[in-house]
Amino acid sequence: MGKKAVHFGAGNIGRGFVAEFLHKSGYEVVFADVMESIIGALQRQSSYKVVEVGADGEHEYTISNYRAINSKENEAQVVEEIASADLVTCAVGPNILKFIAPVIAKGIEARTSGAPLAVIACENAIGATDTLAGFIKDEKNTPKDRLATIDQRATFANSAIDRIVPAQDNQSLDVKIEQFYDWVIEVTPFKGGQHPPIQGVKFVETLDPYIERKLFTVNTGHATAAYFGYVRGHHTVNEALDDPEIKQMVKRVLAETSRLIVAKHEFSEQEQGEYARKIIKRISNPHLEDLVERVGREPMRKLSRKERFINPASQLVERGERVDALLGAIEATLLFQNVEGDKESAELAKILKQFSAKDATARITGLETDHPLFGLVEKVVLKVQEGSSSRLTPPLHSSAEANFYQRTISNALESVHSKDRSKIMNYVPRFERVL
């Protein structure tokens, strides 16, 4: 019998990153998702393409040997698949882990023989598999009397993933993805080092250095470019990085996080410096255009205690280091408010409007009020609340550019029906900040 993997999340990362690796490693992939449009398309098509974009052009791969199940409508079928699978992976977003845990727990309980099921979360979060395992082992999902022997049925291993998947054509299952990749999985949980065979994956004894390096460099850098790009009125991340002031700010932010990474882990200054430069080059790739609104979505999560800004900043401050650039990035993130289609940006705006700077800081970041970073962030929050964040948006390089934006707004208002003008006007403050 061939190898089988059940993967939760049939989105672009699931289809374009995780499934590509599993397919090349000889697994039959069973996609589980609640989005009927994606599941239906996968059921109708026997294959789709993954297009890798690199400096030497595009390389195309065909992904086949998969099935797809609507996990909301056919939970029992998903449980049955997990019961006989070798591997379960997921790319659903950290906030969704608690919703997929019950069905995974049922699948683990249904296993009667064979090697333990390998469970690996592929999320942009530290310890995501540990988080998922915690939900699975909750007594609501796994009976108390079965917890003592759950290791006989499942092995949980954390991982760190790194690959840019830009916005896609939602009408197609095909996925465009960058050629560069990094997928690191901890080997320690697997008894005797008997980890699942996945081509291209690096198995390591200690994962923390790789997770922090990725989160505090790739994710921090990408988000910084997106939020400053949004504030300055840029459309895409690569366009934002064409702005020399934004590029310099991203470099300053990564210089701060790099100091932490080198101090904590066994990466040399030269190695980390090269890694940071490579990241800036990757996210500047014009062939991987990504909207600043898409990269910036979910600002509340990205401003939370264990995430890409507050986490490194808090550790640096604890070490007596300055975090001026990170505070600037936090300020830009706080300006990502009421963005169409993003609920968290609306929630952020509401909190900043309704609460004092101190209370808003606590709610948004999760920082302890006596933490040395708290007061620094509170000042930034107050600055945003008072509307005095002008230093984030230095003047444009010429009056011609300012005139261009003014004409853009005027022309847009004149060319649309009156009932739609209010929608356009929602964006005017963003351009006014630039001007």
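Heads up, the sequence shown is in the numbering used here, so the first residue is 708 and it goes up one at a time.
From the three backbone atoms N, C-alpha and C, an ideal C-beta is built for every residue, glycine too.
Opposite residue i in the DSSP bridges: which residues?
{"i": "K883", "result": "V758"}
{"i": "S866", "result": "I892"}
{"i": "I776", "result": "A739"}
{"i": "T838", "result": "Its beta-bridge partners do not exist; DSSP assigns none."}
{"i": "T943", "result": "L998"}
{"i": "A861", "result": "L824"}
{"i": "L794", "result": "A712 and A825"}
So, with DSSP's three-state summary, where would you put residue i?
{"i": "T1068", "result": "helix"}
{"i": "H902", "result": "coil"}
{"i": "D949", "result": "coil"}
{"i": "V826", "result": "strand"}
{"i": "K711", "result": "strand"}
{"i": "V908", "result": "coil"}
{"i": "A832", "result": "coil"}
{"i": "T1076", "result": "coil"}
{"i": "V810", "result": "helix"}
{"i": "L967", "result": "helix"}
{"i": "A717", "result": "coil"}
{"i": "T849", "result": "coil"}
{"i": "S855", "result": "Note that residue 855 corresponds to Ala in the displayed sequence, not to Ser. Here A855 sits in coil by DSSP."}
{"i": "V799", "result": "coil"}
{"i": "T931", "result": "helix"}
{"i": "L914", "result": "coil"}
{"i": "E1025", "result": "helix"}
{"i": "V960", "result": "helix"}
{"i": "A1020", "result": "helix"}
{"i": "V938", "result": "helix"}
{"i": "E1014", "result": "coil"}
{"i": "A817", "result": "coil"}
{"i": "Q752", "result": "coil"}
{"i": "K805", "result": "helix"}
How many angstroms separate the CA atom of residue i from the CA atom of residue j?
{"i": "G747", "j": "Q979", "result": "44 Å"}
{"i": "Y982", "j": "S820", "result": "44 Å"}
{"i": "T796", "j": "A867", "result": "12 Å"}
{"i": "I918", "j": "C829", "result": "11 Å"}
{"i": "L880", "j": "K756", "result": "8 Å"}
{"i": "E946", "j": "A933", "result": "10 Å"}
{"i": "T849", "j": "E816", "result": "8 Å"}
{"i": "Q784", "j": "K711", "result": "14 Å"}
{"i": "I789", "j": "V944", "result": "39 Å"}
{"i": "D1049", "j": "V999", "result": "12 Å"}
{"i": "V911", "j": "S1095", "result": "46 Å"}
{"i": "I1058", "j": "E1093", "result": "14 Å"}
{"i": "K1060", "j": "E952", "result": "29 Å"}
{"i": "G721", "j": "E1014", "result": "22 Å"}
{"i": "N1110", "j": "A1067", "result": "The predicted model places N1110 with a pLDDT of 44, which falls under 50 and marks its position as unreliable; any figure quoted below should be read in that light. C-alpha separation (whole angstroms): 36 Å."}
{"i": "K779", "j": "V741", "result": "5 Å"}
{"i": "G718", "j": "E765", "result": "21 Å"}
{"i": "Q1113", "j": "H941", "result": "Residue confidence is low: Q1113 scores 49 on pLDDT, short of 50, so the model does not pin down where it sits. Its coordinate-derived value is still stated next. Near 15 Å, if we compare the C-alpha coordinates of H941 and Q1113."}
{"i": "W890", "j": "T913", "result": "14 Å"}
{"i": "E1025", "j": "E1075", "result": "13 Å"}
{"i": "F1081", "j": "D858", "result": "40 Å"}
Hey, would you say residue i sits closer than 7 Å to residue j, going by beta carbons?
{"i": "D763", "j": "A874", "result": "no"}
{"i": "I905", "j": "S732", "result": "yes"}
{"i": "A808", "j": "I833", "result": "no"}
{"i": "Q752", "j": "A775", "result": "no"}
{"i": "G1091", "j": "L1041", "result": "Reading the sequence as shown, one finds Val at residue 1091 and not Gly. The answer is yes: Cβ separation under 7 Å."}
{"i": "F715", "j": "A739", "result": "yes"}
{"i": "D869", "j": "K921", "result": "yes"}
{"i": "P916", "j": "L967", "result": "no"}
{"i": "V938", "j": "A1039", "result": "yes"}
{"i": "V1088", "j": "A1064", "result": "yes"}
{"i": "L1010", "j": "I1071", "result": "yes"}
{"i": "S991", "j": "L1034", "result": "no"}
{"i": "P903", "j": "L794", "result": "yes"}
{"i": "T856", "j": "P823", "result": "no"}
{"i": "A864", "j": "I811", "result": "no"}
{"i": "V1002", "j": "E885", "result": "no"}
{"i": "P1006", "j": "E1051", "result": "yes"}
{"i": "T927", "j": "T964", "result": "yes"}
{"i": "F923", "j": "M956", "result": "no"}
{"i": "V737", "j": "L729", "result": "no"}
If I follow the unbroken beta strand (DSSP E) through residue i, where does it start and stop?
{"i": "Y1143", "result": "For the chain, the structure presents residues 708 to 1142; residue 1143 sits outside this window and is missing."}
{"i": "I1037", "result": "Taken as a continuous stretch (DSSP letters only), I1037 belongs to no beta strand (DSSP E), being part of the alpha helix (DSSP H) at D1031 to L1041."}
{"i": "V872", "result": "Segment: none, V872 is in no beta strand (DSSP E) and carries neither H nor E."}
Is residue i close to chain D? Criterion is C-beta to C-beta, closer than 7 Å.
{"i": "G821", "result": "Protein chains in the displayed structure number just one, and chain D is not present."}
Could you spell out the range, first to last residue, of the alpha helix (DSSP H) harbouring residue i?
{"i": "L1089", "result": "F1081 to Q1092"}
{"i": "V785", "result": "E782 to A790"}
{"i": "V925", "result": "It is not in any alpha helix (DSSP H) - V925 carries neither H nor E in the DSSP assignment."}
{"i": "L729", "result": "A726 to K731"}
{"i": "Y982", "result": "E976 to I990"}
{"i": "A1053", "result": "K1050 to Q1061"}
{"i": "P1006", "result": "P1006 to K1009"}
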